[in-house]
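As given, the protein sequences belong to chains W and B, one line each in that order. When we follow the numbering used here, the leftmost residue of the first sequence carries the number 118, and every step to the right adds one. When we follow the numbering used here, the leftmost residue of the second sequence carries the number 18, and every step to the right adds one. In this text, a Cβ means the ideal position worked out from N, Cα and C, and glycines have one as well.
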Amino acid sequence: ETGVTQSPTHLIKTRGQQVTLRCSSQSGHNTVSWYQQALGQGPQFIFQYYREEENGRGNFPPRFSGLQFPNYSSELNVNALELDDSALYLCASRTSTDTQYFGPGTRLTVL
Amino acid sequence: SQQGEEDPQALSIQEGENATMNCSYKTSINNLQWYRQNSGRGLVHLILIRSNEREKHSGRLRVTLDTSKKSSSLLITASRAADTASYFCVTDNQGGKLIFGQGTELSVKP
């Protein structure tokens, strides 16, 4: 167990809708990152938050946004869902060390 | 963009055999990590090797790093059926932004 939890486990949405995914990190983990993993691929970095500020972003459009809260929880929001957004979304948290601890993921299906 | 490329893409062995997976990457790194993923779920951190290290061991795992060749290898000794999973080589060169390869799918048959 990594101590990182995500909700919901599975989610089905239709194209054009908006979705919010949630992550709860270990206490003391002040950095959280989100990744998108398409079927059969390795995870792709979406963005990273440190002390509630975004401090790194991958090649994802602005309709992917996030929030980090003081209680070590965070959210990933995706607006105007597209079919290609169907994927496993993973969050990972860490302290100042290099090891990142991943949650079990949320599998999003866009119809 | 992907940094690491794992080789082979798929590996099937018998229980008790050793499994070797290789990884190549393109740019300079702070460290290189290996993760395991079971059935498309969460990722489990296996081992981290820093750019100034050449070899590291953890239980049945042995990782090597050759920064001059920009390559790494993961050896799992005396494999078990429970080792069946996808294994990812992951580089960290930009302050926590992990870059994953496409992974090696390992199947260990009892």
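At least 8 angstroms separates the beta-carbon of W/Val-149 from that of W/Leu-225. Residue pairing by DSSP places W/Gly-173 opposite W/Gln-165 in a beta bridge.
Contact between B/Asn-35 and B/Thr-94 holds: CB atoms are separated by about 5 angstroms, below the 8 angstroms threshold. Three or more beta-carbon pairs separated by less than 8 angstroms are not found between the stretch 62-75 of chain B and the stretch 156-176 of chain W, which leaves the two stretches without contact. For B/Ser-96 and B/Leu-82, the gap between their C-alpha atoms comes out near 21 angstroms.
Comparing alpha-carbon positions, the option among W/Gln-217, W/Asp-202, W/Gly-220 lying closest to W/Gln-134 turns out to be W/Asp-202.
Along the stretch 35-60 of chain B, the positions whose C-beta sits under 9 angstroms from a C-beta of chain W are Asn-47, Asn-48, Gln-50, Tyr-52, Gln-54, Gly-57, Arg-58, Gly-59, Leu-60, read in chain order. In the displayed model, W/Asp-201 falls within a helix according to three-state DSSP. Between W/Ser-190 and W/Arg-139, the C-beta spacing is below 8 angstroms. Between the C-alpha atoms of B/Leu-49 and W/Ile-129 there is a straight-line separation of about 35 angstroms. Looking at the backbone, the Cα of W/Gly-120 and that of W/Asn-194 are separated by about 22 angstroms. Secondary structure of W/Ala-209 (DSSP, three-state): strand. Scanning chain W for C-beta atoms nearer than 9 angstroms to the C-beta of B/His-62 yields Thr-119, Thr-216, Gln-217, Tyr-218, Phe-219, reported in chain order. B/Ser-85 and B/Leu-115 have their C-alpha atoms some 21 angstroms from each other. Contact annotation: B/Gly-118 and W/Gly-157 have beta-carbon atoms that are not nearer than 8 angstroms. Interface annotation, B/Gly-118: in contact with chain W, CB-CB separation under 8 angstroms. Look at the stretch 79-111 of chain B and you find these whole runs of beta strand (DSSP E), each 3 residues long or longer: 88-93, 102-109. The beta-carbon of W/Pro-178 is placed no less than 8 angstroms from the nearest beta-carbon of chain B. In the displayed model, W/Ser-144 falls within coil according to three-state DSSP, outside both helix and strand. Between the C-alpha atoms of W/Asp-215 and B/Ser-124 there is a straight-line separation of about 29 angstroms. Between W/Asn-147 and W/Tyr-167 a beta carbon distance of about 6 angstroms is seen, short of the 8 angstroms cut, so the two are scored as contacting.
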